[in-house]
Structures are given as structure tokens and as C-alpha cells.
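**Q**
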Amino acid sequence: MNKLWWKILGSVLVIYTAIAGLLLGVPHLAILNETIRNLYFHVPMWFAMLTLFSISVFYSIKNLLYGKEADDIRAVESVNVGIVFSILGLVTGAIWAKFTWGQFWSFDVKQNFTAVAILLYFAYLVLRNAIDEQQKRAKISAIYNIFAFPMMVVLIMVLPRLSDSLHPGNGGNPGFNSYDLDSRMRAVLYPAFIGWSIIGYWIYTIRFRIRTIENKQNL
Amino acid sequence: MQLLHQVKYLIKKEVLLEWRSKYALNGVLLYVVSTVFVCFLSFVSIVPVTWNALFWIIMLFASINAVSKGFLHESKGQQLYIYTIASPLALIISKTIYNVLLMMLLTLIALFFYMMVFDYVPQDLGLYIVATVLGSLSFSTIFTMISAIASKAGNGGMLMAILSFPVIIPVLIVLIKLTKNAIDGLDRSVSLDEIGLLLIINALVAAVTLLLFPYLWRD
Chain A
0 MNKLWWKILG SVLVIYTAIA GLLLGVPHLA ILNETIRNLY FHVPMWFAML TLFSISVFYS
60 IKNLLYGKEA DDIRAVESVN VGIVFSILGL VTGAIWAKFT WGQFWSFDVK QNFTAVAILL
120 YFAYLVLRNA IDEQQKRAKI SAIYNIFAFP MMVVLIMVLP RLSDSLHPGN GGNPGFNSYD
180 LDSRMRAVLY PAFIGWSIIG YWIYTIRFRI RTIENKQNL
Chain B
0 MQLLHQVKYL IKKEVLLEWR SKYALNGVLL YVVSTVFVCF LSFVSIVPVT WNALFWIIML
60 FASINAVSKG FLHESKGQQL YIYTIASPLA LIISKTIYNV LLMMLLTLIA LFFYMMVFDY
120 VPQDLGLYIV ATVLGSLSFS TIFTMISAIA SKAGNGGMLM AILSFPVIIP VLIVLIKLTK
180 NAIDGLDRSV SLDEIGLLLI INALVAAVTL LLFPYLWRD
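Taken in sequence, the protein lines are chains A and B. By numbering that gives the first Met the number 0, the letter at position 158 of the first sequence is numbered 157, and the numbering carries on one by one without gaps. By numbering that gives the first Met the number 0, the letter at position 4 of the second sequence is numbered 3, and the numbering carries on one by one without gaps.
Here is the structure:
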């Protein structure tokens, strides 16, 4: 039970946000209307992705300091799961964009820069495949991972703020800033952040265990 | 003090080696000049926005070639020798400073040649030159570290492109925006944001490089 509580918490939060997100009332804003509910499913993906990439950087630093193989596997598996969440974020955003902006891909700054940020992590995976020796791979990929993280933060948090985006809340579009985001929406959004992050962490621990067992078998 | 002395000595060594062969300088200059000619012959007349984008694309590939030479073309024995006589910090600082100087020289020559061939001068030439100096600074800091990573991974050219493009794209976008302001002759206070962001990115990259390079260098 001690080890189970956070898994139950995560599942309950995600189920709650799925049901409450579709059923509870939302403010009626121009253009957005009912698609505002996508906020509950789109934004938490980015939150979970950031959580997983942060975990990855943490273990990369640990790997550089102590050189344990387990830390390397932790770093790469959290990147793998983080990439899945970032792709989910792009897809949920694209589907929503189809109905509000008219196109799946509107060449919005946030869309473009997120795609570049995902390329950054694909480059990390390619770099890993390019090196055969396990210890060398662990060290060099850890260095690239730490190098890439601040760039990713610049790409998805800083640069989009410099130019107008079609995203709600940017460039005069109605948005969910403190003004519009009423307490009803907060009651669903914040649990969604926590819930999806926990689910992402859970998937990552399972992936980590599978990888460790595979590595033991291959020895 | 020891570090400063080593840095000075290593820069002198780089400049001396370069001066003996003049390979990077002449090679990259020829590369830039012929690319500019190819572009001129295929475009002939050109709108300022394209002129600007084309300049940065030419400089991107020229700087990848010029900077990556630093680590990729050094033999294992040479690296081992330098490892025994100098600290890794001195090495990366000297390489970065040398690359910055080389790139600034190259970029300025390329810019004047480019303006001459296309017979076009940006409205705010002073700001454009500031932007090219900042651009060569960012290109060299980022490419120096990435080329060190790529050379350690032992798989030169292709890895270099894959690893560096996602990292350089945000810088390139800010640069193109800044130079676009210079072409339109906007008031300089408008461009302060971009200049600040470029300086922040450079400081970030420099800090991460200084922290990580000692781990990379130690085999």
C-alpha cells in the first residue's frame, strides 16, 4: 500500500479530469466556445513532458558525477516517455487547431518551436545509437542532454513570447490568463497537471524496469 | 593565473598553426565566395528579406565547416598530448576564443563581399554589423561545444549536423529577426530585446560548456 498510493492518486486524478473536463461548466469565450475543454488535455501533456525531461537531466547529471549505468538507463527512458508526451501534446494541439484555426498545422510559432525541441531530443537518441561503447555512450549522451535542456527551455518558453502567436492568450486572442481562467477551470486544470505527471512518471518507472531486465538477459 | 597563461599560449598555438597552413581561413573564404556567386547567378535580383535569409544560410554552413575543424580534424595523439600539458578549461576557452575571432573575421569579410556582389546595403548598416558580430559569437560558442561532442562520439560530419541544427535554429531565428529590423531601418531601441536574448543564450551556452567540457575531455 505504501508504494501504491501515488499510482492510485495519479489514476484517480486523470479519471477525474477526463470526466470533469468533459462535463463541468466552462466560461463561454468567443471563437473558443466548447473547444476550451481541450486545455485540460493539451496543456498537461507539456507539463508531463517537462517533468520527464527534468528527471532525465537530473539523472544525466548524476550519471556524470557517479558513472552508474542505472542512471543512464533512467535518463534515456525518461526522454523516451517525454517524447511520447510531447508528440501527444502536438497531436492534441493540432486536432484543436483544425477546428479553431482551420488547419492542423498553421505554422504558429509555438507549433514550430515545439517541433524543433522534439528534434533536439531525437538528436539525443541518434547520438546514443552512434556510439557502441556503453560507458562512453552514457557520458557523451549525458553531456548532450544537459546541453540540450536549457536550449529546449529557451525554445518552448522564451522564444514564443517574443512574437505573436495564434495561441489563446497571445496576440490579443481571448485566452485563459488570470482574467478568463475562472476557478471552475482551475479545479480541473491543476489536478490534470499533477495527474498526468504522475502517470508519465509511472510509465517511465515501468520502462526502466523492462530495460533493466532486458540488459540483464543480454549479459 | 595559470589558466590565463595556458589560454594565451593555446590561442597563440592555434593562430600559429592556422597561419602556417591558412587552410581554414582560405578554404572557408573560398567556400563563402563561391556560394555567394552561385546564389547571385541563380537569383540575380533579390528582395531584401530573401537577401537576409540567404546570407544567414550561407554563414550557417560556412561556420559549421570552419568551427568543426577545430576538434574533428585533430588526431587522437594530438588530443592526448594537449591533455597532458593543459587543463581542459584552458583548452575549451582558447578554442572558443579562437573560433570567435576566426568567425568574426570571416563573417565581416563575407558580409562586405555579399553586399558588393548583390549591390545592396541594409538601411541600418551599423546594427547589421552588430548582428553579424553577435551571430558569429553564437555560432562559434555553440558549434565549438557540439563539435567537441561529435568528435568524442567518433562519427564526424553527419552527427555534427544532426546535433547542432536543433540547437542553432533558435539563435538563427532571433538573428534573422534582428537583421530584418536593421534592413528595415527600424529604431534601434526596438532591437534591444533580440540583442539581450542573444547575449543571454550565449552566456547560457558558455556556462554550460565550461561546466560540461571537463567531463567530456576526460576519457
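Idealized CB from N, CA, C, for every residue including glycine.
First and last residue of the alpha helix (DSSP H) that includes L110 of chain B?
**A** The residue you call residue 110 of chain B lines up with position 111 of the second sequence. First-last of the alpha helix (DSSP H) with L110 of chain B: P87 to F117.
**Q** I148 of chain B: which of B:L136, B:S163, B:L79 and B:Y80 sits nearest, CA to CA?
**A** Along the second sequence, read from residue 1 onward, the residue named residue 148 of chain B stands at position 149. The candidate whose alpha carbon is nearest that of I148 of chain B is B:S163.
**Q** Report yes if the C-beta distance between V129 of chain B and I145 of chain B is below 8 angstroms; otherwise report no.
**A** In the second sequence, counting from the first residue as 1, residue 129 of chain B sits at position 130. In the second sequence, counting from the first residue as 1, residue 145 of chain B sits at position 146. Taking 8 angstroms as the Cβ cut-off, V129 of chain B and I145 of chain B do not qualify as a contacting pair.
**Q** Please decide whether M102 of chain B counts as near chain A, where near means a Cβ-Cβ distance under 8 angstroms.
**A** Numbered from 1 along the second sequence, position 103 holds the residue referred to as residue 102 of chain B. False, the Cβ-Cβ gap to chain A never drops below 8 angstroms.
**Q** What first and last residue would you give for the alpha helix (DSSP H) that runs through L89 of chain A?
**A** Locating residue 89 of chain A in the first sequence gives position 90, where the first residue counts as 1. Element bounds for L89 of chain A: E68 to T99.
**Q** What's the C-alpha gap between N37 of chain A and T91 of chain A?
**A** One-based indexing of the first sequence puts residue 37 of chain A at position 38. One-based indexing of the first sequence puts residue 91 of chain A at position 92. Straight-line Cα distance between these residues: approximately 8 angstroms.
**Q** Please compile the residues from chain A whose C-beta is within a distance smaller than 8 angstroms of the C-beta of L158 of chain B.
**A** Start at 1 with the first residue of the second sequence, and residue 158 of chain B comes out as number 159. Per Cβ cutoff of 8 angstroms: V125, L126 and A129.
**Q** Applying the 10 Å Cβ sphere with the 16-neighbour rule, what's the burial state of G184 of chain B?
**A** Taking the second sequence and counting its residues from 1, the one referred to as residue 184 of chain B is at position 185. Exposed.
**Q** Out of A:T50, A:I205, A:E33 and A:A74, which has the shortest C-alpha to C-alpha gap to K138 of chain A?
**A** Locating residue 138 of chain A in the first sequence gives position 139, counting from the first residue. The shortest C-alpha separation from K138 of chain A is found at A:A74.
**Q** Is W18 of chain B helix, strand or coil when you go by DSSP?
**A** Translated into positions along the second sequence, residue 18 of chain B becomes position 19. Correct three-state label for W18 of chain B: helix.
**Q** Let me confirm a value: N214 of chain A is counted as buried when at least 16 other C-beta atoms fall within 10 Å, else exposed. Which label applies?
**A** Looking up residue 214 of chain A in the first sequence gives position 215. Per the 10 Å Cβ criterion, exposed.
**Q** Mind pulling the alpha helix (DSSP H) runs of 4 or more residues that sit fully within the region 108-135 of chain A?
**A** For the region 108-135 of chain A, whole alpha helix (DSSP H) runs of length 4 or above, ordered along the chain, are 108-129.
**Q** Excluding sequence positions up to five away, which residues of its chain have a Cβ less than 7 angstroms from the Cβ of A93 of chain A?
**A** As a first step, residue 93 of chain A must be located in the first sequence, where it is residue number 94. Cβ neighbours of A93 of chain A beyond the five flanking positions: F103 and W104.
**Q** Could you check the C-alpha separation between F39 of chain B and L124 of chain A for me, to the nearest Å?
**A** Mapped onto the second sequence, residue 39 of chain B falls at position 40. Mapped onto the first sequence, residue 124 of chain A falls at position 125. Cα to Cα, F39 of chain B sits roughly 39 angstroms from L124 of chain A.
**Q** Answer with yes or no whether the minimum CB distance from A74 of chain A to chain B is below 8 angstroms.
**A** Against the first sequence, residue 74 of chain A aligns to sequence position 75. Chain B contact via Cβ: absent.
**Q** Could you compute how far the alpha carbon of D107 of chain A sits from the alpha carbon of L154 of chain A?
**A** What you label residue 107 of chain A is simply residue 108 of the first sequence in a count that begins at 1. What you label residue 154 of chain A is simply residue 155 of the first sequence in a count that begins at 1. If I take the Cα positions, the gap works out to 13 angstroms.
**Q** Taking its Cβ as the centre, do 16 or more other Cβ atoms sit within 10 Å of P167 of chain A, making it buried, or is it exposed?
**A** Looking up residue 167 of chain A in the first sequence gives position 168. Counting Cβ neighbours within 10 Å, P167 of chain A comes out buried, since at least 16 surround it.
**Q** Given 8 angstroms as the limit, is there contact between the region 60-77 of chain A and the region 1-15 of chain B, that is, 3 or more CB pairs closer than that?
**A** They do not touch, by the three-pair rule.
**Q** Taking only the alpha-carbon atoms, compute the straight-line gap between A96 of chain A and F212 of chain B and give it to the nearest angstrom.
**A** In the first sequence, the residue the question calls residue 96 of chain A occupies position 97. In the second sequence, the residue the question calls residue 212 of chain B occupies position 213. Each residue's Cα considered, the two are about 42 angstroms apart.
**Q** If you drop the 5 nearest sequence neighbours on each side, which residues of the same chain put their C-beta closer than 7 angstroms to that of S55 of chain A?
**A** Position 56 of the first sequence, counted from the start, is the residue given in the question as residue 55 of chain A. Excluding residues within five positions, the ones whose Cβ falls inside 7 angstroms are A74, S77, V78, G81 and N144.
**Q** T16 of chain A and Y200 of chain A: beta carbons closer than 8 angstroms?
**A** Position 17 of the first sequence holds residue 16 of chain A. Position 201 of the first sequence holds residue 200 of chain A. No, the pair does not count as a contact, with Cβ atoms beyond the cut-off.
**Q** Measuring straight from C-alpha to C-alpha, what distance separates I10 of chain B and I84 of chain B?
**A** Walking along the second sequence from the start, residue 10 of chain B turns up at place 11. Walking along the second sequence from the start, residue 84 of chain B turns up at place 85. Taking the straight line from one Cα to the other gives about 14 angstroms.
**Q** Going by Cα to Cα distance, which pick from A:F46, A:V11, A:M48 and A:G20 is closest to I35 of chain A?
**A** Walking along the first sequence from the start, residue 35 of chain A turns up at place 36. Minimum Cα distance to I35 of chain A is reached at A:G20.
**Q** If contacts are defined as beta-carbon pairs under 8 angstroms, then G23 of chain B and A52 of chain B qualify, I think. What distance do you get, rounded to the angstrom?
**A** Within the second sequence, the letter at position 24 stands for residue 23 of chain B. Within the second sequence, the letter at position 53 stands for residue 52 of chain B. It is worth fixing the name first, because residue 23 of chain B is Ala in this sequence and not Gly. Not quite, the Cβ-Cβ distance comes to about 25 angstroms (not below 8 angstroms), so this is no contact.
**Q** Restricting to Cα atoms, I'd like to know which of A:F148, A:T211, A:P190 and A:S140 is closest to S10 of chain A.
**A** Taking the first sequence and counting its residues from 1, the one referred to as residue 10 of chain A is at position 11. That would be A:P190, whose Cα lies nearest to the Cα of S10 of chain A.
**Q** Quick check: the Cα distance between E132 of chain A and F112 of chain B, rounded to an integer number of angstroms?
**A** Counting from 1 along the first sequence, the entry for residue 132 of chain A is found at position 133. Counting from 1 along the second sequence, the entry for residue 112 of chain B is found at position 113. Roughly 46 angstroms separates the two Cα atoms.
**Q** What is the DSSP secondary structure of E73 of chain B, reduced to helix, strand or coil?
**A** One-based indexing of the second sequence puts residue 73 of chain B at position 74. Coil.
**Q** Are the CB atoms of I81 of chain B and L90 of chain B nearer to each other than 8 angstroms?
**A** Against the second sequence, residue 81 of chain B aligns to sequence position 82. Against the second sequence, residue 90 of chain B aligns to sequence position 91. Yes, they are a contact pair.
**Q** Mapping the DSSP letters down to three states, classify V230 of chain A as helix, strand or coil.
**A** Outside the modelled stretch of chain A, which goes from 0 to 218, sits residue 230 of chain A, for which no answer is possible.
**Q** Does any C-beta atom of chain B lie closer than 8 angstroms to the C-beta of A137 of chain A?
**A** Your numbering for residue 137 of chain A matches position 138 in the first sequence. False, the Cβ-Cβ gap to chain B never drops below 8 angstroms.
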